[in-house]
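K.L.:
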Ligand SMILES: Cc1cc2nc3c(=O)[nH]c(=O)nc-3n(C[C@H](O)[C@H](O)[C@H](O)COP(=O)(O)O)c2cc1C
């Protein structure tokens, strides 16, 4: 246990005595929604969110599952074969009934990959998906959600597959809170992916029973504010629940900024049915990134992160939150985005800047980067190449996007060269966590295990709530 003084219920000074009422009992296993814990088969309403390219690794997901908690494997950036082998390994290492989930990412550029991922989930019996990056509901998502639903003999609807929708905007939350769009359902029936019964029952349930409100966080972020978003999304879900006459309640949970018991307690007081963490799990033994990254992460304070363009959504200006302490990546990435905004092609950029980028940022010429990029497109998307080559602006975007793939690899591989270019997605929650555990054995990441952190965080959150409630209910008896 860390520095929690749960006996500080009675204090006295010269003038007054504070008499505590009998202590409240708040247990970690009673935080959040009991129904949620039951449906997910987990002991605490605590989840570890996905982190792309297996940073939320097989080991991380398995460790969570063995502890009776759930982690979502980070499928982002992996191909179908890699996702398949992760599912097979996770299933082989967990006993039947031990919880695990997989990330399902919206993929507007490549909807076939999204559909193939869902096919894998259905073939292998994956029942829990964390749906991220959605702006609208996709056929793949609907297929996952509605496959296997049926009416029970008692007349209730039995839903096999659980979607936890990560959102940071009300209009996206609303799309998940409504039943699946009719047009998509009809098309899936016509293609033979859903039965008429599944389609009919689909009209009675939301696309996602569980909405995870993501406030400012590590990785892609809309810089939302939890105390604004959570009540607003809770209200929205209540309105839609009553409009649609759903039989089962929607659960609304919180992610973003949760790295301390105080932050988790605040989320539960705001009405969260569960909490989900990300940044703090990247700095654990189980995380699938390099030791050099973990060494950097364990030193962070709350002010050591910054915003940079997201490489995968570079052209539209989406942002990710990354480590800035000791690194040039955020400044360089922002510079590249600025150049992209203000120039029509690489040729328009002044020669001094072009030289700087090639020598200092890329450590190779634009031509070399373009050859590498071209080879990738010839292999993966040959149909797109001719169009790209006709657009100098898009060609510039792809050359700049190479830097984002490269810097992410430098970090996860723990490369010794170009360390200042490491791209490490992370939010300030980790800085807060580092302050919380300072002076304990958890100061070193080598001692940080993802499931132990979940256990500790939830136990201390319960204690904090218990103490706060007792303090609010304390009677002050003046001696005089
Ligand atoms: C390194 C890193 C990678 C992430 N990758 C993904 C991802 O691939 N898919 C996803 O849904 N969320 C991703 N996230 C977001 C987390 O799942 C989680 O929602 C978020 O980190 C919670 O906020 P916090 O960082 O403040 O704890 C990532 C976060 C981090 C730190």
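Residue numbers (this note's numbering): 139 to 618. Note that CB positions come from ideal geometry on N, CA and C, so glycine has one too.
What residues in its chain sit with their C-beta under 8 Å from that of residue 606, if we drop five residues either side in the sequence?
P.N.:
Contacts found: 403.
K.L.:
Check whether the region 422–438 and the region 197–209 touch, using three or more Cβ-Cβ pairs below 8 Å as the test.
P.N.:
Yes: the two stretches touch, three or more of their Cβ pairs being nearer than 8 Å.
K.L.:
Enumerate in chain order the residues of its own chain whose CB-to-CB distance from residue 192 is below 6 Å, with the five nearest sequence positions on each side excluded.
P.N.:
Within the same chain, residue 192 has close Cβ partners 212, 426.
K.L.:
Would the C-beta of residue 346 count as close to ligand 1, meaning under 8 Å from any of its heavy atoms?
P.N.:
No, the beta carbon of residue 346 sits no closer than 8 Å to any heavy atom of ligand 1.
K.L.:
By how many angstroms is the C-alpha of residue 489 removed from the C-alpha of residue 474?
P.N.:
When rounded, the distance between both Cα atoms is 15 Å.
K.L.:
Does the region 428–442 touch the region 489–505, meaning 3 or more C-beta pairs lie closer than 8 Å?
P.N.:
No, the region 489–505 is not in contact with the region 428–442.
K.L.:
Check the DSSP bridge columns for residue 446 and list the partner residues they point to.
P.N.:
Residue 446 is bridged to 458.
K.L.:
Residue 166 and residue 596 look like a contact to me (Cβ under 8 Å); what is the Cβ gap, rounded to whole Å?
P.N.:
The Cβ separation is near 4 Å, so the contact holds.
K.L.:
Figure out for me which residue from 275, 578, 339 has the closest Cα to the Cα of residue 385.
P.N.:
Among 275, 578, 339, the Cα nearest to that of residue 385 is on 339.
K.L.:
Is the beta carbon of residue 185 sitting closer than 9 Å to the one on residue 207?
P.N.:
Closer than 9 Å, so yes.
K.L.:
With DSSP collapsed to three states, give me the class of residue 253.
P.N.:
The answer is helix: DSSP assigns residue 253 an H, G or I state.
K.L.:
Can you tell which of 548, 419, 565 has the C-alpha that lies nearest to the C-alpha of residue 580?
P.N.:
Measuring from the Cα of residue 580, the nearest candidate turns out to be 419.
K.L.:
So, using beta-carbon positions, are residue 355 and residue 328 closer together than 9 Å?
P.N.:
No, Cβ-Cβ distance for residue 355 and residue 328 is not below 9 Å.
K.L.:
Which residues in the same chain as residue 582 place their Cβ atom closer than 8 Å to its Cβ, once the five residues preceding and following it in sequence are excluded?
P.N.:
Correct list, in chain order: 436.
K.L.:
By a C-beta neighbour count over all protein chains shown, 10 Å radius and 16 as the cutoff for buried, is residue 302 buried or exposed?
P.N.:
Buried is the call here.
K.L.:
Could you work out which residue in 364, 521, 484 is closest to residue 507 when comparing CA atoms only?
P.N.:
Closest option to residue 507, Cα to Cα, is 484.
K.L.:
Can you list, in chain order, the residues of its chain whose CB lies under 8 Å from that of residue 253, leaving out five sequence neighbours each side?
P.N.:
Counting only Cβ-Cβ distances below 8 Å, and skipping sequence neighbours, we find 277, 278, 281.
K.L.:
Could you tell me which of 264, 256, 255, 219 sits nearest to residue 239, measuring between CA atoms?
P.N.:
Of the candidates 264, 256, 255, 219, the one whose C-alpha sits nearest the C-alpha of residue 239 is 264.
K.L.:
What are the partner residues of residue 240, as DSSP defines its beta bridges?
P.N.:
For residue 240, which the question treats as bridged, DSSP gives the partners 211, 267.
K.L.:
Confirm the yes/no value for this check: CB of residue 542, any heavy atom of ligand 1, distance under 8 Å.
P.N.:
Result no, Cβ not under 8 Å from ligand 1.
K.L.:
Please determine, among 551, 171, 536, the residue with the shortest C-alpha to C-alpha distance to residue 511.
P.N.:
Residue 511 has its Cα closest to that of 536, out of 551, 171, 536.
K.L.:
Hey, is residue 584 close to ligand 3, as in C-beta under 8 Å from one of its heavy atoms?
P.N.:
Of the ligands this structure carries, namely ligand 1, none is ligand 3.
K.L.:
So the beta strand (DSSP E) residue 186 belongs to, where does it begin and stop?
P.N.:
Unbroken beta strand (DSSP E) run through residue 186: 184–186.
K.L.:
Please identify the residue among 504, 431, 472, 311 whose C-alpha is closest to the C-alpha of residue 547.
P.N.:
Per the Cα distances, 431.
K.L.:
What residue does the alpha helix (DSSP H) around residue 218 start on, and which one ends it?
P.N.:
Residue 218 -> alpha helix (DSSP H) spans 218–231.
K.L.:
Helix, strand or coil for residue 300 per DSSP?
P.N.:
If DSSP states are grouped into helix, strand and coil, residue 300 belongs with the strands.
K.L.:
Alpha carbon to alpha carbon, what distance is there between residue 314 and residue 346?
P.N.:
The alpha-carbon atoms of residue 346 and residue 314 are separated by roughly 5 Å.
K.L.:
Taking the continuous alpha helix (DSSP H) assigned at residue 511, which residues delimit it?
P.N.:
504–518 is the extent of the alpha helix (DSSP H) around residue 511.
K.L.:
Check the C-beta distance from residue 266 over to residue 178 and give it rounded, since I have them as a contact under 8 Å.
P.N.:
At roughly 7 Å, the Cβ-Cβ gap stays under 8 Å, so residue 266 and residue 178 are in contact.
K.L.:
With a CB to CB cut of under 8 Å and the five nearest residues on each side skipped, what residues in its chain are close to residue 333?
P.N.:
The answer, listed in chain order, is 327.
K.L.:
Would you report the Cα separation of residue 324 and residue 342, rounded to the nearest angstrom?
P.N.:
When rounded, the distance between both Cα atoms is 15 Å.
K.L.:
Nearest to residue 505 by alpha carbon, out of 533, 256, 478?
P.N.:
Of the candidates 533, 256, 478, the one whose C-alpha sits nearest the C-alpha of residue 505 is 533.
K.L.:
Taking the alpha-carbon positions, what's the residue 585 to residue 291 distance?
P.N.:
Each residue's Cα considered, the two are about 50 Å apart.
K.L.:
Can you list, in chain order, the residues of its chain whose CB lies under 6 Å from that of residue 447, leaving out five sequence neighbours each side?
P.N.:
Only 471, 475 meet the Cβ criterion.
K.L.:
Ends of the alpha helix (DSSP H) at residue 600?
P.N.:
588–610 is the extent of the alpha helix (DSSP H) around residue 600.
K.L.:
Using the beta-carbon count (16 or more within 10 Å), is residue 255 buried or exposed?
P.N.:
So residue 255 ends up on the buried side.
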